[in-house]
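S.K.:
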Amino acid sequence: MPSGRRWMLWAAGAYLGILVVVAGGLWLLYRAARQQLDEALGLRLQAIASTTVELIDGDALADWAIEASEPTDLIWLASRLDRIHRESDLAELTLCDPDGFVLASATARLGRGELNVYWDLDRAAVELAREGFPAVSRLYRAGPLYQKSAHAPVFDSRGEVAGVLTVDGNADFFGTLAAWRRGATATIASVLVFLALLGLLLYRSQRSLEAARATLLRQENLAAMGRMTAGIAHEIRNPLGIIRGAGEHLQRVLRDHGIDDETAAFIPDEVDRLDRILAGYLAFGTDSESEPEDLDLTVLARRTARLAAGELAHAAIAVDLAEPLPSCPVRGDPRRLQQVLLNLLWNARDAMPDGGRIAIRLATDGDRHRLSVVDTGRGLQDIDPERVFAPFWTTKDKGSGLGLAVSRRIARAHGGDLTVADRTDGRGCEATLSLPRRPT
Numbered sequence: 458m459p460s461g462r463r464w465m466l467w468a469a470g471a472y473l474g475i476l477v478v479v480a481g482g483l484w485l486l487y488r489a490a491r492q493q494l495d496e497a498l499g500l501r502l503q504a505i506a507s508t509t510v511e512l513i514d515g516d517a518l519a520d521w522a523i524e525a526s527e528p529t530d531l532i533w534l535a536s537r538l539d540r541i542h543r544e545s546d547l548a549e550l551t552l553c554d555p556d557g558f559v560l561a562s563a564t565a566r567l568g569r570g571e572l573n574v575y576w577d578l579d580r581a582a583v584e585l586a587r588e589g590f591p592a593v594s595r596l597y598r599a600g601p602l603y604q605k606s607a608h609a610p611v612f613d614s615r616g617e618v619a620g621v622l623t624v625d626g627n628a629d630f631f632g633t634l635a636a637w638r639r640g641a642t643a644t645i646a647s648v649l650v651f652l653a654l655l656g657l658l659l660y661r662s663q664r665s666l667e668a669a670r671a672t673l674l675r676q677e678n679l680a681a682m683g684r685m686t687a688g689i690a691h692e693i694r695n696p697l698g699i700i701r702g703a704g705e706h707l708q709r710v711l712r713d714h715g716i717d718d719e720t721a722a723f724i725p726d727e728v729d730r731l732d733r734i735l736a737g738y739l740a741f742g743t744d745s746e747s748e749p750e751d752l753d754l755t756v757l758a759r760r761t762a763r764l765a766a767g768e769l770a771h772a773a774i775a776v777d778l779a780e781p782l783p784s785c786p787v788r789g790d791p792r793r794l795q796q797v798l799l800n801l802l803w804n805a806r807d808a809m810p811d812g813g814r815i816a817i818r819l820a821t822d823g824d825r826h827r828l829s830v831v832d833t834g835r836g837l838q839d840i841d842p843e844r845v846f847a848p849f850w851t852t853k854d855k856g857s858g859l860g861l862a863v864s865r866r867i868a869r870a871h872g873g874d875l876t877v878a879d880r881t882d883g884r885g886c887e888a889t890l891s892l893p894r895r896p897t
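Residue numbers for the sequence shown follow our numbering, beginning at 458 and rising by one.
1. Do the stretch 787-807 and the stretch 860-876 meet, that is, are 3 or more Cβ pairs less than 8 Å apart?
2. May I ask which residues mark the beginning and end of the beta strand (DSSP E) holding Ser829?
3. Counting beta carbon pairs with one atom in the stretch 604-624 and one in the stretch 505-522, are three or more of them shorter than 8 Å?
4. Would you give the residue range spanned by the alpha helix (DSSP H) that Gly860 belongs to?
5. Just reading off the alpha helix (DSSP H) that Leu538 is part of, what are its end residues?
6. Provide the residue span of the alpha helix (DSSP H) that contains Val583, from first to last.
7. Spell out a yes or no on whether the stretch 472-492 and the stretch 658-669 are touching, meaning 3 or more CB-CB pairs, one atom from each, closer than 8 Å.
8. Just tell me which of Phe846, Pro893, Gly872 and Asp879 has its CA closest to the CA of Asp839.
9. Quick one: what's Tyr597 bridged to in DSSP?
10. Do Glu549 and Ser562 have their CB atoms nearer than 9 Å?
11. How big is the Cα-Cα spacing for Leu498 and Val624?
12. Hey, Leu782 and Ala775: beta-carbon distance below 9 Å or not?
13. Please confirm if the stretch 528-535 is in contact with the stretch 561-579, defined as three or more CB-CB distances below 8 Å between the two stretches.
14. Starting from the Cα of Ser829, find the closest Cα among Thr755, Ala565 and Arg670 and give me that residue.
15. Grouping DSSP H, G and I as helix and E and B as strand, with all else coil, what is Arg712?
16. Check whether the Cβ atoms of Leu486 and Ile513 lie closer than 9 Å to each other.
17. Excluding the 5 residues flanking Gly708 on each side, which residues of the same chain have their C-beta closer than 6 Å to its C-beta?
18. Using a Cβ-Cβ cut-off of 7 Å (strictly less than) and excluding sequence neighbours within five positions of Glu887, which residues of its own chain qualify?
19. Whole angstroms are fine: how far does the CA of Leu890 sit from the CA of Arg884?
20. Grouping DSSP H, G and I as helix and E and B as strand, with all else coil, what is Ala773?
21. What do you get for Gly702, buried or exposed, if any count of 16 or more other CB atoms within 10 angstroms of its CB means buried?
22. If you drop the 5 nearest sequence neighbours on each side, which residues of the same chain put their C-beta closer than 8 Å to that of Ile645?
23. So, at 6 Å on beta carbons, what are the nonlocal neighbours of Ile505 in its own chain, with the 5 sequence-adjacent residues on each side left out?
24. Note the first and the last residue of the continuous alpha helix (DSSP H) segment covering Pro893.
25. Given a cut-off of 9 Å, decide if Arg894 and Asp841 are closer than it, judged by their beta-carbon atoms.
26. For Asp577, which three-state DSSP category applies?
27. Using a threshold of 9 Å, state whether the C-beta atoms of Ser614 and Gly515 are closer than that.
28. CB Ala519 to CB Asp554, shorter than 9 Å?
29. Under a three-way DSSP split, which group does Leu802 fall into?
30. Anyone know if the C-beta pair for Gly626 and Leu502 falls short of 9 Å?
31. Verify whether the separation of the beta carbon atoms of Arg730 and Arg806 is less than 9 Å.
32. Could you please give the first and the last residue of the uninterrupted beta strand (DSSP E) stretch that includes Gly878?
33. Beta-carbon within less than 8 Å of Arg427's beta-carbon, same chain only, minus the 5 sequence neighbours each way: which residues are those?
34. In three-state DSSP terms, what is Gly812?
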């Protein structure tokens, strides 16, 4: 497994571990706070219930249950319950007979004689109170809020349970619990966002590190290329000098016989171009300066097409240079730009071993001129378009892998770019050189 991916897996595991620990800690803290509030509220409600039942006459409960009108002592008791309800900040105090029918209510939430349906929320605690034991209900939710009740038996003079007093805690008492829950949720969310931002920062740092490593590797490749080309430069330049001298001699001989052959004039020029290409390879890893001048990309395209016409015709490749071509003024080094165009033509030729057609197109798009070399070859064949620009990478048996890399470097040194893509109709490849438009 690559070290970068292994590092990312370790980081993801660490983030997950931190999140689990934080979430678990907050959950345990929430559970502890909820339990303590639950116990504290239960003791408080039970104490209020046990104290309040001392105000109730158990022997009178049976009479209150059967009397149609509300007795005076029951009215007094209801007022006392309301006072305790308000002073103790409770939700409700309800006095019921053993069967659950309401005898008195502090808030009149249930009328006298109605069945107390709230007993069903915690029947176990109610049953304990009916058997004579004070009991506290479990903590339950009433809608979006928490609720808890205490039930105290009311005894008559014979020691039998004559009724049950229910004390309901005020839901506001649980505002702290709800705040704890919201705080825990917000904290977990904050930790998650922090970890996400930290992960993004680390991911970008990792990507930057990988880019730096790739740049270092590229520089090492360029250094290797420099050492290689430096070793053979002298051997190449010697025969080039002989060829140039032979070309100049041929020109003089032809002129002496009254012959003006343009092909012979190409020999010294192309020898000079080869010498500059070699110098360009040697300086590929450096920021060597070009020799810019005002020129017309159209004129350069025509000249390059004529120069390559013979070799392309020998390979059964026709060149289509649509006329009239627009004028495309640029500023650049004509020899280095011609090198780019020739590289594109030779690549197109190599992509069509059985012959074909090359179209050279020029157009202006905003502040840029675009020169496209379109072939009818086999295309990229699912190769990443950016990969073909990597130094020393090639699919050719005898290729150096430097043509497109050098060409793009030249294009970018002129403020432009070089791209390669499959044709939209799937019938070949299109290489496009874009250069800044020279102000007129």
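We treat Cβ as the ideally placed atom computed from N, Cα and C, and that holds for glycine.
Since this is a predicted model, take the numbers as computed values, not measurements.
M.R.: On the basis of the supplied data:
1. yes
2. Arg825 to Asp832
3. yes
4. Gly860 to Ala870
5. Thr529 to Glu544
6. Arg580 to Arg587
7. no
8. Asp879
9. Gln604
10. yes
11. 11 Å
12. no
13. yes
14. Thr755
15. helix
16. no
17. Correcting the residue type first, residue 708 is Gln in the shown sequence and not Gly. Taken in chain order, the residues that qualify are Ala721.
18. Ser829, Val831, Ala878 and Arg880
19. 20 Å
20. coil
21. exposed
22. Leu476, Val479, Ala480 and Leu483
23. Ser545 and Val624
24. Careful: Pro893 lies outside any alpha helix (DSSP H), inside the beta strand (DSSP E) at Cys886 to Pro893.
25. no
26. helix
27. yes
28. yes
29. helix
30. yes
31. no
32. Looking at the sequence provided, one finds Ala at residue 878 rather than Gly. Residues Asp874 to Asp879.
33. The chain is shown from 458 up to 897; residue 427 falls before or after that span and cannot be answered.
34. coil
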